[in-house]
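Protein chains in written order, with the numbering used here: chain A, 1 to 298; chain F, 299 to 681; chain R, 682 to 899; chain V, 900 to 1071; chain P, 1072 to 1698.
Notes for the one structure printed next.
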Amino acid sequence: MRFLNMLPQLLGVSFLAMGLGLLLMGLGRQFTARLQRRVGPPFYQAYLDVLKCFSKTSITHGFVMDLGTIMSLAGLIATAYYVPFVQWTPTGSGSLVIILYLMTIGYLGMAMGVSASGNPQAPLGIARALALMFGYKVPLVMVILAMIVVTGSSDLLAIANAQQGGPSNWFLLKFPIGFVAVEIAFQAMIGERPYDMMIAPAEIASGPMVELSGKYLGLAFLLHSVQLYVETALIVNLFLGGAANPATFFGKQVLVYLTSMAVNAVMARYRIEQGIAHLWKWAGSLAFIQLLTTKGGF
Amino acid sequence: MYLPDGYTTLEKLREAGEYADYDLFFGPNHPGMHGNFGYVLTMIGTEVVRVRPNAGQLHRGFEKAMENKAWAANVSLIPRVCVPDPDPNEVAYCQAVEKLLGCEVPIRGRWMRSITLELSRLGSLYMGMGGLAGALGHYSTMYLMMIERDLILDRFEALTGARVYHIYNVPGGVRNDAPEGWFDSVSRLLDHLEAQMPEYDRLLYENHVVWDRLQGMAPITAEEAMASGVTGPALRATGVKADIRVDAPYAAYPEIQVDIPTSGGGDALARAVQVRLDFAESVRILRRLLARIPDGPVHADLGNLAKLKVPAGDAYSKVESSKGEFGYYVVSDGGEKPYRVSVRGPSLPAGLYLCHKHLPGMKIDDVAAWMASFAICPPDIDR
Amino acid sequence: MEDAVLFNLRDERQSAWESVLNYFRKRSMWMLYYCTGCGAIELPPSMTSRYDMERFGMGPMATPRQADLLLITGYLSVKTLKRVIRSYEQMQEPKYVVGFGSCPINGGIYWDAYPVINHLELFIPVDMSIAGCMPRPQAVLDAFQKLMDEIQAGKAVGYKRYRKHLDWYKRNQDAVLARTEAVLEPWEDPFSDAALVESLWNDAPAEVKEMREVRHDA
Amino acid sequence: MTPERFSSQLARFFGDDARFTDKGGAQWELRVPRDRCLPLLSFLRDHSFVHLAFISAVDWPRDQEIELVYHVWSYEHRVHVLVKTRTEREKAWMFTAHRLWGQAQAYEQEIHEMMGVFFLGNPDLSPLFLHNWHDRPPLRKDFDPKAYSLKAYTLAGLGLAPEQKEDGDVPS
Amino acid sequence: MTKYLLPALVILPPVLGLLAAFLPRLLRWLLLFLTALATATVLVAVRPGEMMPFSAALPVDALGPALGLHLALTPTAWFFLVMSSLATASFTLFSLVFNDERHDSGIAPLYLALLGFGSGVFLAADWITFFVCWELASVLTLIIVGHRRGHAFSAGLWYFALSALGSLSLLAGAWWIALHNGSFRIDDSLVTLTGWVASGRAAAWPVLGLFSLAFLTKAALFPFHMWPAFAHAEAPDDFSPFLSGVLIKYGIYGLFVVWVPVFFHTPEGAVRTISGIPWPLYILGWVSALTAVVGTLMAIFTNDAKRLLAWSTVANLGYIGTALSAHSVLGTAAALFHLANHMVFKGAMFTTVAAVKWRTGEREMHRMGGLALRMPLTFMTFLLAIIAAAGIPPMSGFASKWMIFQALFEKQLVFQATALFFASTGAFLYLYRALHSIFLGQLSTRHEHVREVPFLMALPMVAFMLALMAVGFAPGLILKPVNWVLASHGLDAVRSNWTIVVGATAHIDFATLFGVFGFAAALVFLFFVLGGRRTKVPMMDNYTSGEDPADWGLTPERYQYAYAFYQPIRVLFSRIPLGATEALFARVARALVRTGSLVADGFASAAFSTWSILLGAALLILFGVLS
């Protein structure tokens, strides 16, 4: 019964995540365009793209491709149910372990769906994405652990609540080293340069998306949009103290995303092993210092 | 080259029925491919173990087509041999014809040739740097550099009426003199380009990611480069001071100071830096050219160009393009059409030969950047 | 030009729903990253900061599966034609073809060149052609805008033509691509005879004999 | 290096086989018979002419011969040498130079395809440029590209009927 | 009647095994399955405490009354037994079909005996019984793994050498205590040991060390982590699930039985603590975390499907050890929970790999591909199993991993948690790789005609899937018995009901998790249905840059990226000597093989003769101990 009551909220959050994520994508594209001294697409371009993708015919290489694509977006949307939006989640829980692991099912679905397409460039891209995940998960987790040590809770809602009462309480100030580490990891999480080896059109012809057409591509876009929503919201909740109203929250998300897009615009792409090494070297060591200083010992 | 334990060659691996290797089609329809060209890469893991070039997709039968067109009419065909850098083709061909005719190009005509050559070189170098940036995923640099190239194309448009295929050089000189104020506009353009360049340096050449990517990639020694026919920036990047503008000067270069900057090192980074040095030198040359433009006609009187007849004989003429040596070997039997025109493009040694040496053992990550670092331009391989 | 084939583009009555979808299709055209010929040189300017194609929602896409728009940037050699057709067939409907420059229209400057096809229309349906050599970026963008209008009006239906007249297109494609006989006169390579090659080796001077059979890529 | 010194040195090694001409403009021409061509190229390469610019082939149906021109350049002396050698046209063949210059393999592969010259010892003479080609090599003088194009790429030439005018609605 | 149930569980299967040696193939395996099923049925039906302990002193008075055959069904033993016998029943059902004419490994009699001695390990109430069963199980495993000559035998020797080392030290430890309190009974000696630890007596630590060595080697914790890679991988395909799912848990059982009473029942301050937990546990925690990391890395670089799974087992034992070392109710419960989950998902993975090998004859992953379209049910089983193994919700593995992390958070063991997160991310890497290489991508032309497994083989797979989902939905299914076990050790229960588990820093409603994921999936499916029409195209109608693959002689198996999958990571780890311990032990094993080749020849003949040799050996060991 409780679950039934939850359904409208779940539906709302699903569309909120997709909608805001697509808006973020559109804003990001326009921001990049401005950095590149051009007009750029309208901010609602991402919506048009997705709708167009769904209006096209598409191909499939078997049921695994369908299953994987559905699983991927479902996983990410389910994650969105656990990420606090303005100190609230529809499930009433913001467990960080759930968020970290539930996101993985999205990646697993994507990985499975695209490698079922039978194109070697897709698993090439996925292998890169997973290898990169190896690189950024650890720094991210270390910083989160530092917060758990301090707040005594692994619930994102509690962590966000602990930062209420003005920017001086934000964990951005409490964990400055950790913030830098997570920002580096975030760049890799959303797959922007210098860590966009997963897509890398010039190398592996857009990698995982290589065989996606029509609605499959549309779902992949939605996946990316929800991923953006979830990951920016994660940063906002972890470091920027969540927000009191939706507009502020989304504003902070935009800020986080555009910072990343600005780096994206002026960076080239690492080779994959360089990327992982870079992540471990910088993000990893910073996060390690953060965790060590917070915990005060092993 | 990476092979599983116990196997020394790919053949042995396949005979054993191991399915370790797979093929990737790098081009023609691949975002990393510059132009319509292909490498079929045999891969193990993420490493290339064998490459089969797949050329000919841009083949248009130029050399045959030129045999069926009048001497001067061929000028309209020739710029299409190398699309990003068309003018060296025109000049090389016209020089070969002039050599057969034994005619002298007036000094202002030679000056105009040099100016267009250098402008075309600048445009092509922008394309090259942008292409390299694009291969490394640095799209902003590419996007911005295309603006600058477009400004150069605007000057070309003012001079010749065309943006890409200028068809400006004709046997005996150039087609027309520069319009009023054109030299000033070029001069202003150079100011602009030089003012913009520090920004691109910051974006591309001072970018650590770019350095990490290019450093040590596909190194080549001076001897190897010379023996394998590599010319232009790729050769100079190995430290060889070789430039046709100096070694066999043509157009206005005998009268103009041309330095040969070399980066040295021979790897992809050296080649990338060499392009930047070439760019700076080209701007300096242009300034020197613009500083003293001689007066006079731009075209020698050869009568009706459409009915031009060229004495029998053969001549080879070469020009330093932005990618290296462009050579035209022209044979005449005394008729109204060339008997045979044979084209030497700068991309073939790297594109069809060095690929066998460099790509095996290379990661898939680097193939596009390798192509860009050698400025491989498929149209002049295929012709 | 007696055999240039022109299809009349019929106004298809489209439903309101289709017209809504066409709006999205026109506002988000993704083109295939395929430089088939020299026209590709004017694509970077059109795409990048000066002319900025992305403001119309257009952008390059890596593979035919993702793309809506196939640009035939200039002449097509037979070798490329084969790949273009494969790419076109891998694209998903609705898909549009734009011919760049004069070459896809009638062969252009290469109309008498032996490796270059003359009329692209014979092999795949072309929705929009841009005349000129090179078409300027402005012309390119103008053509795209016109194509957008046609898409909105439901007139850019080349893919439906292709589906309907598949036999005809396939027949033309096969006639060119799956050629098994010489066009003018057959040519026999006299050196396909191994014995002849061997005898040449036997007569070769000693100093060149040592150069026999060394793989350059081994 | 002066042309005189070069020609005298050349005469020492190759006697009358290599005929030397100074074409002017730092371009020299050497004509050698086929059997001596490779030794000559090898000699040149060892004497600072390390750069093989390219190889071109000219068809001379008048003489029933095909001329191969090797363009070599010396960075040291800044001289361009055209080494010309001829082979009979009907069974045109030549020794490969790819042991001297690796890239010669690609040039020879191209000449084999375009001009029909067989290169003895070249490891790979497979077609590189042309798709499904059964005609005579296109760069031979007796190949007519226009006739080929009209016959190969037009409906009339292919003997295929043009499309019927559309009568019904476009299928959806 | 119930009095003889316990000895029957131990004695009957070996006797049946002897009988089975004379039966035809099908009947042997049927007998095995029925025995396993019967064991499972009996155990599920009874509750701990319902069955009387069995005691039979040996008729040799000089040795004292403490020596004899003592069996008892403690709640801990019951938990382990139920879980393992349920899993075993599924495995043996799989084996029943697996061992057809072509694939018969002939191990059914030995397998039967192993069932009995395995139960004996859990049921033993004195160290001698424990040791005998333990040792017999080891020897039987050696014979089964080394049943086929060559590489497999040396793999078996690996296992045996380590096991022998461990069990001898176990015996030494038991002897040491018996010298003091005169009893070999496990509960007696643990009371003594606890007293020693509490009173700070120095002898406590060597004794504990001697005990632990046996369990650590069996549980394959670092630096003994390399034997499963050989033994599990080289064992008969249908036996690997048992080996990896059940047998390796003996070590954890031992650790649990010894360490939990010792450390939970010593008073505060008696043992030096680091980060709030006793130092041996702290060391165990790091050893386990290291095991998890090393096992994961080795799995990432492995190309052999079975070896990959074996390394994965090592990594998972690392998780279990870390959880156990957290020294909390939550951690102990998490260890038991994860152990139970691991039995299911690892069993499922080994089973599917065995099924694939049964159909294709391949186990090198790069030689397969695209089998999902031919073996969809096997694929689904594997998929669900890897979801569980990678700890991804909503499958069972997530619940236990979540509890492990909660336990670590509770004690603020953040660096161990980091190591586990690292390992867990790595788990996703190698599991996806296995999924991709075996089931996805291009279908090789050699496997065009591969069919799905037969019904009886599919049955255990379906059971595994249901178990994975059920536990993922309602962790209480396992946590309830886990709480009984905890209660029997005098520990608090984990706060949980069927679906909600309360951790240290958060709580989760797994049903909600399941539900919202289902809802999201339904929503996305709606999108999917609303999208444009889709057509199915052949696998080779693929993006090839416009090229026709046929022009380049490309076959499907050469359009599949599976070999050297994580080469970039390999490059990063090229300087870390991951194989160092492996090389060391390989040298030892070679020496063993050289000296023991005579024995090997004897062992490796027919199943029946080995069986008789084994009995002789067992008796020899027994008398060696007793005299």
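Think of the CB as a built atom: it goes at the ideal place given N, C-alpha and C, for glycine as much as any other residue.
**OP:** With 9 Å as the threshold, decide whether the Cβ of residue 698/R is near any Cβ in chain V.
**Re:** For the purposes of this step, residue 698/R is taken as residue 17 along the third sequence, with counting starting at 1. Among the CB atoms of chain V, none fall inside 9 Å of the CB of residue 698/R.
**OP:** Spell out whether any CB of chain F is found under 9 Å from the CB atom of residue 196/A.
**Re:** Here residue 196/A refers to the residue found at position 196 when the first sequence is read from its first residue. Yes, because at least one Cβ of chain F sits closer than 9 Å to the Cβ of residue 196/A.
Original post:
In chain F, what lies closer than 8 Å to residue 1172/P by C-beta?
Top reply: For the purposes of this step, residue 1172/P is identified with residue 101 of the fifth sequence, where counting begins at 1. Neighbours of residue 1172/P on chain F: none; closest Cβ ~25 Å, over 8 Å.
**OP:** Closer than 8 Å by beta-carbon distance: list the chain A residues that pair up with residue 329/F, in chain order.
**Re:** Locating residue 329/F in the second sequence gives position 31, counting from the first residue. What residue 329/F touches in chain A: 201, 202, 205 and 206.
Original post:
Does the Cβ of residue 696/R have 16 or more other Cβ atoms within 10 Å, making it buried, or fewer, making it exposed?
Top reply: Here residue 696/R refers to the residue found at position 15 of the third sequence. With fewer than 16 other Cβ atoms from the protein chains shown falling within 10 Å of its own Cβ, residue 696/R counts as exposed.
Subject >> chain F residues whose Cβ lies nearer than 9 Å to that of residue 1005/V >> reply: If you number the fourth sequence from 1, residue 1005/V lands on position 106. Residues of chain F passing the Cβ test: 351, 353, 646, 647, 649, 650, 651 and 679.
**OP:** For residue 1672/P, collect the residues of the same chain with a Cβ closer than 6 Å to its Cβ; drop the 5 residues on either side in sequence, then sort them by chain order.
**Re:** For the purposes of this step, residue 1672/P is taken as the residue at position 601 of the fifth sequence. Note that residue 1672/P scores a pLDDT of 49, beneath 50, so its modelled location is shaky; the value from the coordinates is reported in the next line. Contacts found: none.
Original post:
Listing by chain order, which chain F residues have their CB less than 8 Å from the CB of residue 925/V?
Top reply: Locating residue 925/V in the fourth sequence gives position 26, counting from the first residue. Here the neighbours are 546.
**OP:** Check whether the Cβ atoms of residue 339/F and residue 321/F sit closer than 9 Å, and answer yes or no.
**Re:** As a first step, residue 339/F must be located in the second sequence, where it is residue number 41. As a first step, residue 321/F must be located in the second sequence, where it is residue number 23. Their beta carbons are under 9 Å apart, which means residue 339/F touches residue 321/F by this criterion.
**OP:** Rounded to whole angstroms, what's the CA-CA distance from residue 31/A to residue 1591/P? Just pull it up for me.
**Re:** Position 31 of the first sequence holds residue 31/A. Position 520 of the fifth sequence holds residue 1591/P. One C-alpha to the other measures close to 31 Å.
Original post:
Is residue 1052/V closer than 9 Å to residue 788/R when the C-beta atoms are compared?
Top reply: Locating residue 788/R in the third sequence gives position 107, counting from the first residue. Locating residue 1052/V in the fourth sequence gives position 153, counting from the first residue. In contact: residue 788/R and residue 1052/V (Cβ atoms closer than 9 Å).
Original post:
When you compare only the Cα positions, how much space is there between residue 267/A and residue 1566/P?
Top reply: Taking the first sequence and counting its residues from 1, the one referred to as residue 267/A is at position 267. Taking the fifth sequence and counting its residues from 1, the one referred to as residue 1566/P is at position 495. Taking the straight line joining both Cα atoms gives about 50 Å.
Original post:
Does residue 248/A have its Cβ less than 9 Å from a Cβ in chain F?
Top reply: Numbered from its first residue, the first sequence carries residue 248/A at position 248. No, residue 248/A does not count as interfacial toward chain F.
**OP:** Kindly indicate which three-state DSSP category residue 560/F falls into: helix, strand or coil?
**Re:** Against the second sequence, residue 560/F aligns to sequence position 262. Coil, per DSSP.
Subject >> Own chain, CB closer than 8 Å to residue 1620/P, minus 5 neighbours either side, in chain order >> reply: Residue 1620/P sits at position 549 when you count from the first residue of the fifth sequence. The answer, listed in chain order, is 1611, 1613 and 1630.
**OP:** Leaving out five residues on either side along the sequence, give the residues of the same chain with a beta carbon under 6 Å from the beta carbon of residue 618/F.
**Re:** By 1-based counting over the second sequence, the position of residue 618/F is 320. Hits under 6 Å: 541, 542 and 543.
Original post:
How about residue 388/F and residue 337/F: are their beta carbons less than 9 Å apart?
Top reply: On the second sequence, position 90 is the one that residue 388/F refers to. On the second sequence, position 39 is the one that residue 337/F refers to. Contact flag unset, no.
Subject >> Within chain A, the residues that residue 743/R reaches when beta carbons sit closer than 8 Å >> reply: By one-based count along the third sequence, residue 743/R stands at place 62. Ordered by position in chain A, the residues that pass the 8 Å Cβ test against residue 743/R are 201, 205, 206, 209 and 210.
Original post:
Can you round the beta-carbon distance between residue 1348/P and residue 1397/P to whole angstroms, since I take them to be within the 8 Å contact cut?
Top reply: Stepping through the fifth sequence from its first residue, residue 1348/P is reached at position 277. Stepping through the fifth sequence from its first residue, residue 1397/P is reached at position 326. Yes, they are in contact, since the Cβ atoms of residue 1348/P and residue 1397/P sit about 7 Å apart, within 8 Å.
Subject >> Alpha carbon of residue 751/R to alpha carbon of residue 738/R, nearest angstrom >> reply: Residue numbering aside, residue 751/R sits at position 70 when the third sequence is read from its first letter. Residue numbering aside, residue 738/R sits at position 57 when the third sequence is read from its first letter. Using only the alpha carbons, I get a separation of about 15 Å.
**OP:** Could you please give me the residues that DSSP links to residue 350/F through a beta bridge?
**Re:** Locating residue 350/F in the second sequence gives position 52, counting from the first residue. BP columns for residue 350/F point to 338/F.
Original post:
For the segment 1610 to 1625 of chain P, which residues have a beta carbon sitting closer than 9 Å to at least one beta carbon of chain R?
Top reply: 1612, 1613, 1614, 1615, 1616, 1617, 1618, 1619 and 1622
Original post:
With distances taken from CA atoms, which of 1054/V, 1002/V, 1025/V and 983/V is nearest residue 930/V?
Top reply: The residue given as residue 930/V occupies position 31 in the fourth sequence. Out of 1054/V, 1002/V, 1025/V and 983/V, 983/V has the C-alpha closest to the C-alpha of residue 930/V.
Subject >> When 526/F, 532/F and 390/F are compared against residue 468/F, the one with the closest alpha-carbon >> reply: Here residue 468/F refers to the residue found at position 170 when the second sequence is read from its first residue. When each option's Cα is compared against that of residue 468/F, the closest is 390/F.
**OP:** With a cut-off of 8 Å on the beta carbons, I'd call residue 1504/P and residue 1637/P a contact; round off their distance for me.
**Re:** As a working mapping, residue 1504/P is identified with position 433 in the fifth sequence. As a working mapping, residue 1637/P is identified with position 566 in the fifth sequence. Their Cβ separation, rounded to whole angstroms, is 7 Å, which keeps residue 1504/P and residue 1637/P in contact under 8 Å.
Original post:
Start and end of the alpha helix (DSSP H) containing residue 1351/P?
Top reply: On the fifth sequence, position 280 is the one that residue 1351/P refers to. Start and end: 1350 to 1371.
Subject >> Neighbour flag for residue 908/V against chain F, beta carbons, 9 Å >> reply: The residue you call residue 908/V lines up with position 9 of the fourth sequence. Nearest CB-CB separation between residue 908/V and chain F: not below the 9 Å threshold.
Subject >> Contacting residues, own chain, Cβ-Cβ under 7 Å from residue 1077/P (five flanking each side not counted) >> reply: Taking the fifth sequence and counting its residues from 1, one reaches residue 1077/P at position 6. Hits under 7 Å: 1122, 1125, 1142, 1144 and 1194.
**OP:** Using a cut-off of 7 Å between C-beta atoms, extract the partners of residue 1462/P located in chain A.
**Re:** What you label residue 1462/P is simply residue 391 of the fifth sequence in a count that begins at 1. Neighbours of residue 1462/P on chain A, chain order: 101.
**OP:** Any chance you could list the alpha helix (DSSP H) runs of at least 4 consecutive residues sitting entirely within the segment 172 to 238 of chain A, in chain order?
**Re:** 176 to 189 and 201 to 204
Subject >> Reference residue 1057/V, options 804/R, 831/R, 828/R and 857/R, closest by Cα >> reply: Taking the first residue of the fourth sequence as 1, we reach residue 1057/V at position 158. Selection 804/R, 831/R, 828/R and 857/R evaluated against residue 1057/V yields 857/R as nearest (Cα-Cα).
Original post:
Is residue 605/F helix, strand or coil by DSSP?
Top reply: Here residue 605/F refers to the residue found at position 307 of the second sequence. DSSP places residue 605/F in helix when its eight states are reduced to three.
Original post:
Are the C-beta of residue 1002/V and some C-beta of chain F separated by less than 9 Å?
Top reply: Along the fourth sequence, one-based indexing puts residue 1002/V at 103. So yes, residue 1002/V belongs to the interface.
**OP:** Evaluate residue 88/A with the Cβ neighbour count: other Cβ atoms within 10 Å of its Cβ, from every protein chain shown; 16 or more gives buried, anything less gives exposed.
**Re:** Counting from 1 along the first sequence, the entry for residue 88/A is found at position 88. Residue 88/A is exposed by the Cβ-count criterion.
Subject >> Residues, ordered as in the chain, of the segment 735 to 768 of chain R that lie near chain P by beta-carbon distance below 8 Å >> reply: 744, 745, 746, 763, 764, 765, 767 and 768
**OP:** Count the CB pairs spanning the segment 448 to 464 of chain F and the segment 697 to 715 of chain R that are closer than 8 Å, and state whether there are at least three.
**Re:** Output reads no: the segment 697 to 715 of chain R does not touch the segment 448 to 464 of chain F.
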